[in-house]
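Report on one structure; see the data block that follows.
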Amino acid sequence: MDRVQKQQFVDKLKKISSDATLAVLVKYNGLTVSDAISLRNKMRFAEASYVVLKNTLARIALAETKFSPIVDFFKGQTALAVSQSPIAAAKIAFEFAKEFEEKFEIVAGCMDGSVLSAAELKVLALLPSVDELRARIIGVISAPAQKIAAVLCAPAEQLARVFGAYSSKG
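Okay, so the sequence shown: first residue is 4 according to the working numbering, each after it adds one.
In structure tokens, the structure reads:
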């Protein structure tokens, strides 16, 4: 990798990290290319990114960002999953780690300048997504309205049944 490519990598990593809320540092060992592509696609679908790191360049790129507390963890074959959502990268990483236990390990994470352990990231990954929470809220809000509509319609339905019964007699 020549100097220009290194600078492009550093710039790319700075841009990715500036937009992100959460960073998850992982170690991968023995993943196939198709496995890595699958993970990237899952991350992209969740509006997250997965970048395989050159540790020295990553330390340089992230040294002045909100993810600087995790630069000490960059050892060995590392990659970084980042997302604007506070849980998306963690959720996808843990789902992938279940599938590839021996080849994919979650090391640490960082959110708002705070280092998160793998256990803390797991708790974060188990939280429902924003869309799931919105659906729950809509369900809670709409349930009383449905019950009110059913109560208000009940007398009209009973009256219609009475009229129907009289009309069928006659």
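Here a beta-carbon is modelled for each residue, glycine too, at the ideal position from N, C-alpha and C.
It should be emphasised that the depicted structure is a prediction, and the values quoted were computed from it without experimental measurement.
Distance between beta carbons of residue j and residue i, contact taken as under 8 Å
| i | j | result |
| --- | --- | --- |
| Asp-38 | Phe-103 | 7 Å |
| Leu-240 | Leu-83 | Because the chain here runs from 4 to 173, residue 240 falls outside it and cannot be looked at. |
| Asp-115 | Lys-69 | 7 Å |
| Ala-49 | Ala-91 | 4 Å |
Given residue i as reference, the closest of the options once Cα atoms are compared
| i | options | result |
| --- | --- | --- |
| Leu-127 | Ala-111, Arg-137, Ala-138 | Ala-111 |
| Glu-67 | Lys-18, Phe-97, Ser-120, Ser-171 | Lys-18 |
| Ala-122 | Ala-96, Ala-163, Pro-147, Ser-86 | Ala-96 |
| Glu-98 | Ile-109, Pro-89, Gln-10 | Ile-109 |
Neighbourhood of residue i by C-beta, 7 Å cutoff - its chain only, sequence neighbours within 5 removed
| i | result |
| --- | --- |
| Phe-77 | Leu-56, Asn-58, Ala-61, Arg-62 |
| Ala-71 | The question names Ala, but residue 71 is Ser in the sequence shown. So the qualifying residues of the chain are Leu-65. |
| Tyr-53 | Leu-42, Arg-43, Met-46, Ala-82, Ala-84 |
| Asn-32 | Gln-80, Lys-106 |
Per-residue burial, residue i [other beta carbons within 10 Å of its own, 16 or more giving buried]
| i | result |
| --- | --- |
| Val-133 | exposed |
| Ser-20 | buried |
| Leu-42 | buried |
| Leu-25 | buried |
| Ile-40 | exposed |
| Ser-117 | exposed |
Close Cβ partners of residue i (< 6 Å) along its chain, the five nearest in sequence each way excluded
| i | result |
| --- | --- |
| Ala-93 | Val-27, Leu-124, Leu-127, Ala-128 |
task = Just list the beta strand (DSSP E) runs in the stretch 48-81, keeping only unbroken ones of 3 residues or longer that don't cross its boundaries, in chain order.
result = 51-55
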